[in-house]
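Structure first, commentary second.
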DNA sequence: TCTATTTTCGACAATTTTATCGGAAATAGA
DNA sequence: TCTATTTCCGATAAAATTGTCGAAAATAGA
Ligand code: FES
Ligand code: FES
């Protein structure tokens, strides 16, 4: 008889929570911006299922990096311009929040990923990592927002 | 003029540190086990570049799950049997330490990855995730140990 | 049996990530 | 100018991961 003892870590996901929240918030704001509407943080977190103050911070960071507009005061909120929506790629959101070690760094944590002196997993990782990078680079915010608008995809479960 | 503000998280790698250390330690122990030698934790962490007590804990967990043998006392240490070395796949190490959310979970953190009601990134992720799973499933510890033995790959930089 | 060695294990500490709070700053409208 | 609204931002707290310490348990050999 044998069974597995479980003691797995809790947050070893593809992206950090901050990054998941950031991507989903951006997508929701994009859908509303397509209708010309600014959205308040309270509305965003309701649709995305994320903590309010934390999400506000993340959107603030994305605003500093020019990926989203914000306006204070009544009738204020977050907004993504049409040109921003078309030009921003998901990889930009990920880079701001999580950095680029997931596409550039060594999968086994060597200080540098180097094909001349590779880690044992290098040849297995290189292709997957570049496909991930390519996927994030090639998909625009507009594309994902359209998926939500048409009801093909969802932001919360 | 425009520049990027950096505030990226610090540990959003493919695997957790614990998992990186675990994989590298297993590979090193495997190379020595090929020579019929048991290795002490002090030797392991020297070759892997990981913190001693932390690495010992991780190896203890892997031992509980039957992926490695340990023996206390003089001439004791860690050892991987030939049958273990051939049968254990990297995915088993990852599953014990990090769980399986990286190959099974939704990339945007929805409570479940569901093709009927997918998140906006689902179609982009499904292929990459399954390739990662496949890569980790198909590579054996023995294969990676041989890479180290022949000097083609390294464990520390 | 005694000693030296080495893993095991619980407690604890440090660091990072996640999350909350409260008030300042900005804005729109009255 | 005053008020209400909303983002911004620093301080702080909570939780998770990473890392350390010390002593118990097991083992080999004298
Ligand atoms: S050296 Fe490790 S992934 Fe390239
Ligand atoms: S539902 Fe998000 S990856 Fe499948």
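Chains as they are written, first to last, in my numbering: chain R, 16 to 172; chain D, 16 to 172. Every residue gets a Cβ at the ideal spot worked out from N, C-alpha and C, and that includes glycine.
With 16 or more other CB atoms across the displayed protein chains lying within 10 angstroms of its CB, residue 144 of chain R is buried. In this structure, the C-beta of residue 133 of chain D approaches ligand 2 to less than 6 Å from one of its heavy atoms. Relative to residue 151 of chain R, the option among R:34, R:27 and R:24 whose CA is nearest is R:34. DSSP links residue 35 of chain D through a beta bridge to no other residue.
The closest heavy atom of ligand 2 lies less than 6 Å from the beta carbon of residue 128 of chain D. In this structure, ligand 1 has a non-hydrogen atom nearer than 6 Å to the beta-carbon of residue 121 of chain R.
Contacts between residue 68 of chain R and chain D, judged by CB atoms closer than 9 Å, are missing: the closest CB pair is about 16 Å apart. Residue burial is scored here from C-beta neighbours: residue 80 of chain R has at least 16 other C-beta atoms within 10 angstroms and is therefore classed as buried. The nearest non-hydrogen atom of ligand 1 is less than 6 Å from the C-beta of residue 140 of chain R. Of all residues in the region 138-151 of chain R, the ones placed with a Cβ closer than 9 Å to any Cβ belonging to chain D are 138, 139, 140, 142, 143, 144, 146, 147, 150 and 151, in chain order. Residue 86 of chain R sits exposed, since fewer than 16 C-beta atoms from the chains shown fall within 10 Å of its C-beta.
Measuring C-alpha to C-alpha distances from residue 113 of chain D to each of D:32, D:146 and D:170 identifies D:32 as the nearest. Rounded to the nearest whole angstrom, the CA to CA distance from residue 72 of chain R to residue 165 of chain D is 49 Å. Around residue 29 of chain R, the beta-carbon contacts reaching into chain D at under 7 Å are 117 and 122. Residues of the same chain with a CB within less than 7 Å of the CB of residue 46 of chain R, apart from the 5 flanking positions on each side, are 160, 163 and 164 in chain order. Counting only residues of its own chain and dropping the five nearest sequence neighbours on each side, residue 140 of chain R has a CB closer than 6 Å to the CB of 122. Partner residues in a beta bridge of residue 46 of chain R, as assigned by DSSP, do not exist.
At a beta-carbon threshold of 9 Å, none of the residues of chain R lie near residue 106 of chain D; the nearest stands roughly 11 Å away. Residue 125 of chain D has its CB nearer than 6 Å to a heavy atom of ligand 2. Short of 7 Å from the beta carbon of residue 55 of chain R, and not among the five residues preceding or following it, lie these beta carbons of its own chain, in chain order: 92.
Not a single C-beta of chain R is nearer than 7 Å to the C-beta of residue 161 of chain D. For residue 137 of chain R, the Cβ falls inside the 6 Å cut-off from some heavy atom of ligand 1. Using beta-carbon distances, residue 172 of chain R counts as an interface residue toward chain D, with a partner under 7 Å. Residue-level contact check: residue 35 of chain D touches chain R, since one or more beta carbons of chain R fall below 7 Å from its beta carbon. In this structure, residue 65 of chain R sits away from residue 43 of chain R, with a CB-CB distance that is not shorter than 7 Å. In the DSSP assignment, residue 140 of chain R falls outside any beta strand (DSSP E) and within the unbroken alpha helix (DSSP H) covering 137-153. The distance from the Cβ of residue 77 of chain R to that of residue 108 of chain R is about 7 Å, consistent with a contact at the 8 Å cut-off.
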